[in-house]
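Enquirer: Take this structure, written in structure tokens, and hold onto it; I'll ask about it next.
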Amino acid sequence: AQILSIHSRKIPTAGDVDYERIAKVTPGFSGADLENLCNEAALLAARRDKDRVDMSDFEEARSKIFMGPERRSMFMPEPVKEKTAYHEAGHAIVAHLLPGHDPVHKVTIVPRGRALGVTWTMPSEDRLSQTREELINNIAMAMGGRAAEELVFNAITGGARSDIQQATNIARHMVCDLGMSDDLGPVAWSQGDNEVFLGRQMNQIKNYSEHTARRIDEEIRSILTRAYNAAKGILETNIHVLHKVAQTLIEQESLDADEFARLVEESEPVHPESGWFAAATV
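Using the numbering used here, the final residue of the sequence shown is 1142, and nothing's skipped along the way.
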């Protein structure tokens, strides 16, 4: 927050600018990154004919840096808009209801970069490492969009491609690098950053047998399947919440943290019990 206030001295800011909040939603930003954020916010304010940079400019600058600029001119047919709304609502609701997950910061179905919609979560503090529970939470959240599509439309779109890739990368990291496998134990199996399972190259040198390689693949698949089934179960139990959030997104396109949390809690959701992942089926 102190570095932000130093960089923002060069630009006139409005009274609603909260440097502590900005710092929380920019974990890992260097001094140069924060300077770029301030400059981008100032440019946005100028384009909007403002004489001061306010919090919305900083929010949009952060979003642009992370995900690219908004593409409001992009035409989205109503069926695509509806599926995108349910997809993002699925991500957000799973994240909100999972015990210990980072709170949802924003949900939007305004196209941005290459994405038709985006759900952001906001860590409460900078992290140098994550627990097994936190990593599994991230996998389940990533699967929430696909699970929502299957529940509501009984079909799955290609929009879940990057989510599945992200979830697979996390599960692979857990099993191969962090020793977070109940079946395989605290062993590091990867040979470096380029080691690939679930379709690995056959010519790679391995220090384990084909039998072990199959067990590694099976463990990664097990984590992904259990997380997906758990996410689907959460949404199925809270289908009324899913419909409410998705329909609100269709109407107003974006929900900030407070709007989203209020909407979910007013719908009286059913929270999963602790130990939800252990109870999930493969």
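The beta carbon of each residue, even a glycine, is placed where N, CA and C say it ideally should be.
Mind checking residue 922: buried by the 16 CB within 10 Å criterion, or exposed?
Expert: buried
Enquirer: Which partner residues of residue 975 appear in the DSSP bridge assignment?
Expert: 972
Enquirer: Cβ of residue 946 within 8 Å of Cβ of residue 1008?
Expert: yes
Enquirer: With distances taken Cα to Cα, identify the nearest neighbour of residue 911 among 872, 1037, 895, 898.
Expert: Minimum Cα distance to residue 911 is reached at 872.
Enquirer: Please state the DSSP three-state secondary structure of residue 1063.
Expert: Caution is warranted here: a pLDDT of 49 is assigned to residue 1063, below 50, making its placement in the model unreliable, and no coordinate value can be reported.
Enquirer: Could you tell me whether the Cβ atoms of residue 1090 and residue 1140 are closer together than 8 Å?
Expert: yes
Enquirer: Measure the alpha-carbon distance for residue 1104 versus residue 961 and round it to whole angstroms.
Expert: Taking C-alpha positions only, residue 1104 is separated from residue 961 by approximately 21 Å.
Enquirer: Measuring CB atoms only, is the stretch 923–940 touching the stretch 950–957, in the sense that at least three cross pairs come out at less than 8 Å?
Expert: no
Enquirer: Give the DSSP bridge partners of residue 967, in chain order.
Expert: 979, 1115
Enquirer: How many angstroms separate the CA atom of residue 1054 from the CA atom of residue 1029?
Expert: Any reading at residue 1054 must be qualified, since the residue scores a pLDDT of 48, below 50, and its modelled position is unreliable; the value itself is stated next. Distance between the alpha carbons of residue 1054 and residue 1029: 12 Å.
Enquirer: CA-CA distance, residue 1022 and residue 868?
Expert: Approximately 35 Å, taken between the alpha carbons.
Enquirer: Between the C-alpha atoms of residue 990 and residue 1096, what's the straight-line distance to the nearest angstrom?
Expert: Cα-Cα distance, rounded: 28 Å.
Enquirer: If the criterion is Cβ atoms closer than 8 Å, does the pair residue 956 and residue 1117 meet it?
Expert: no
Enquirer: DSSP three-state call for residue 1097: helix, strand or coil?
Expert: Residue state, collapsed to three classes: helix.
Enquirer: Determine the extent of the alpha helix (DSSP H) in which residue 1022 is found, giving its start and end residues.
Expert: 1021–1036
Enquirer: So residue 958 packs on residue 1001, CB below 8 Å; how close in whole Å?
Expert: 7 Å
Enquirer: Suppose you measure from the CA of residue 804 to the CA of residue 890; what does that come to, to the nearest Å?
Expert: Residue 804 lies beyond the residue range present for the chain, which begins at 861 and ends at 1142; the question has no answer from this structure.
Enquirer: Are residue 881 and residue 928 close, meaning C-beta to C-beta below 8 Å?
Expert: no
Enquirer: Going along the chain, which residues of its own chain have a beta-carbon closer than 7 Å to the beta-carbon of residue 1129, five neighbours each way excluded?
Expert: The answer, listed in chain order, is 957, 1098, 1101.
Enquirer: I'd like the span of the alpha helix (DSSP H) that includes residue 1006, first residue to last.
Expert: Segment 992–1013, the alpha helix (DSSP H) holding residue 1006.
Enquirer: Verify whether the separation of the beta carbon atoms of residue 876 and residue 914 is less than 8 Å.
Expert: yes
Enquirer: If you reduce the DSSP assignment to three classes, tell me which class residue 913 lands in.
Expert: strand
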